[in-house]
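Right, one structure below, let's go through it.
Numbering (UniProt numbering), first residue to last: 1 to 199.
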């Protein structure tokens, strides 16, 4: 079971590090304003690396939560596993196989990418809250509080991300969707990383 936890921890780390590295090889990529999936777009010079990684990462998210289920073996652990699997399939695997069109042309592949990513990201958002409840149930108060705070922060950043896509916020700090997306990801990953480290 330890090997699953190690793989999961490495994946959580690489999901955040790899985009920073790949962006150096994609001219005109702006971290502040551009979504992570732009790195895997059909116009991207690093699309193969990014999309293959997304697929591998998605597979990891479908399998490794089994370690969490093995430890807790209850309904909450099953729910977390299901949500992470949906995230892995929607936001990672499908996105890897269906790269978007950076020009925002509404072709079928871009629509599939957008829909799958939206569903996957939304399910990921709920995970820190369920983890917090799980930790509180077994009297891991400090870790539970970390997960709860991460959920609140992720929810706030998610609201910023959605608001930033509205026309009336186009000239405000909310327009930096790339920043909000990365902060959501970090806030959702931190409770998972803490769980892995403590095991």
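Heads up, the beta-carbon is just placed ideally off N, CA and C, and yes, glycines get one too.
Inset, instruction - Pull up the distance between the alpha-carbon of residue 199 and that of residue 74, whole angstroms please. - result: Here residue 199 refers to the residue found at position 199 when the chain shown is read from its first residue. Here residue 74 refers to the residue found at position 74 when the chain shown is read from its first residue. C-alpha of residue 199 to C-alpha of residue 74: approximately 18 Å in a straight line.
Inset, instruction - From the DSSP output, in three-state form, read off residue 46 for me. - result: As a position in the chain shown, residue 46 is number 46, starting the count at 1. Residue 46 sits in coil when the DSSP states are folded into three classes, being neither helix nor strand.
Inset, instruction - Would you check if the segment 51-65 and the segment 1-16 touch, i.e. whether three or more CB-CB distances between them fall below 8 Å? - result: Yes, since at least three Cβ pairs between the segment 1-16 and the segment 51-65 fall closer than 8 Å, the two stretches touch.
Legend entry - Burial state of residue 34 (16 or more Cβ within 10 Å): To locate residue 34, count along the chain shown from 1; it is residue 34. Residue 34 is buried by the Cβ-count criterion.
Inset, instruction - Could you check the C-alpha separation between residue 70 and residue 135 for me, to the nearest Å? - result: Locating residue 70 in the chain shown gives position 70, counting from the first residue. Locating residue 135 in the chain shown gives position 135, counting from the first residue. Taking the straight line joining both Cα atoms gives about 15 Å.
Inset, instruction - Would you mind giving the Cβ-Cβ distance between residue 141 and residue 76, rounded to the nearest angstrom? I have them listed as a contact below 8 Å. - result: To locate residue 141, count along the chain shown from 1; it is residue 141. To locate residue 76, count along the chain shown from 1; it is residue 76. Not quite, the Cβ-Cβ distance comes to about 16 Å (not below 8 Å), so this is no contact.
Legend entry - 3-residue-minimum beta strand (DSSP E) runs that sit fully inside the segment 97-128, ordered along the chain: Qualifying beta strand (DSSP E) stretches: none in this window.
Inset, instruction - Measure the alpha-carbon distance for residue 3 versus residue 170 and round it to whole angstroms. - result: Residue mapping note: residue 3 aligns to position 3 of the chain shown, counting from 1. Residue mapping note: residue 170 aligns to position 170 of the chain shown, counting from 1. Straight-line spacing of the CA atoms in residue 3 and residue 170 works out to 45 Å.
Legend entry - Option in 160, 113, 126 and 24 with minimal Cα separation from residue 188: Residue numbering aside, residue 188 sits at position 188 when the chain shown is read from its first letter. The shortest Cα separation from residue 188 among 160, 113, 126 and 24 belongs to 126.
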